[in-house]
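Data first, discussion second: the structure below is written as structure tokens.
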Amino acid sequence: GSKLSISSPIFVGEFQQLPEGEPEMSPYTFGKTKIVPSFDHVFAKGGDLKVLYEIYNAQNDPATGKSNLEETVRFEKQGGGNPKQSKPAPPQGFAIGKKITVPTGFPLGTFEPGEYKLTLTITDKTSGQTATKETTFKVQ
Numbered sequence: 006g007s008k009l010s011i012s013s014p015i016f017v018g019e020f021q022q023l024p025e026g027e028p029e030m031s032p033y034t035f036g037k038t039k040i041v042p043s044f045d046h047v048f049a050k051g052g053d054l055k056v057l058y059e060i061y062n063a064q065n066d067p068a069t070g071k072s073n074l075e076e077t078v079r080f081e082k083q084g085g086g087n088p089k090q091s092k093p094a095p096p097q098g099f100a101i102g103k104k105i106t107v108p109t110g111f112p113l114g115t116f117e118p119g120e121y122k123l124t125l126t127i128t129d130k131t132s133g134q135t136a137t138k139e140t141t142f143k144v145q
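The opening residue of the sequence shown carries number 6 in the working numbering; numbering runs sequentially from there.
Written out as structure tokens, the structure is:
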């Protein structure tokens with residue numbers, strides 16, 4: 006299947022850099038990045054929301070030989086409040102074969118405590134396809 010898709014975002018307690026790449030079979034290891042997952046999805050106000058996700062089947066732009074992707078992340082507080090949205094920007098990830106792994110983070114300093122819905126959208130500007138995933142987290 007050559008349709009653009011993304012994994013469900015994994016919430017991360019901590020990113021650890023490895024001195025060298027581990028075999029892909031290692032759980033929660035992506036190239037040289039190992040993650041400690043956050044299973045409760047609860048983050049401290051004033052800290053960072055750390056997330057890792059993977060992009061599959063991005064098309065390479067024939068002109069550059071590279072993918073041309075745009076990431077948008079939207080945060081909606083449950084029960085109202087103004088949604089926040091990141092500026093669309095290329096995801097800062099690393100490609101391993103046909104997938105791109107993206108470790109990223111968002112400062113939570115302006116987030117009121119509460120439950121949030123996160124909507125991650127990736128647009129492939131080469132193919133015109135988009136992929137979206139939703140998940141929830143809590144700020145306290």
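The beta-carbon is built from N, C-alpha and C at its ideal position, and this holds for glycine as well.
- Distance from the Cα of Ser91 is smallest, within the candidate group Leu125, Gly18 and Tyr58, for Leu125.
- Inclusion of Val41 and Gln21 in the CB contact set at 8 Å is warranted, their separation being smaller than that value.
- Listed as beta-bridge partners of Ala49 by DSSP are no residues whatsoever.
- In this model, Ala68 and Lys50 are separated by some 43 Å (Cα to Cα).
- Counted as a single uninterrupted DSSP element, the beta strand (DSSP E) harbouring Gly110 occupies residues Lys104 to Pro112.
- The DSSP assignment places complete beta strand (DSSP E) segments of no fewer than 3 residues inside the stretch 28–104 at 38–42, 53–61, 74–82 and 99–101, in order along the chain.
- Residue environment for Gly98: buried (at least 16 other C-beta atoms within 10 angstroms of its C-beta).
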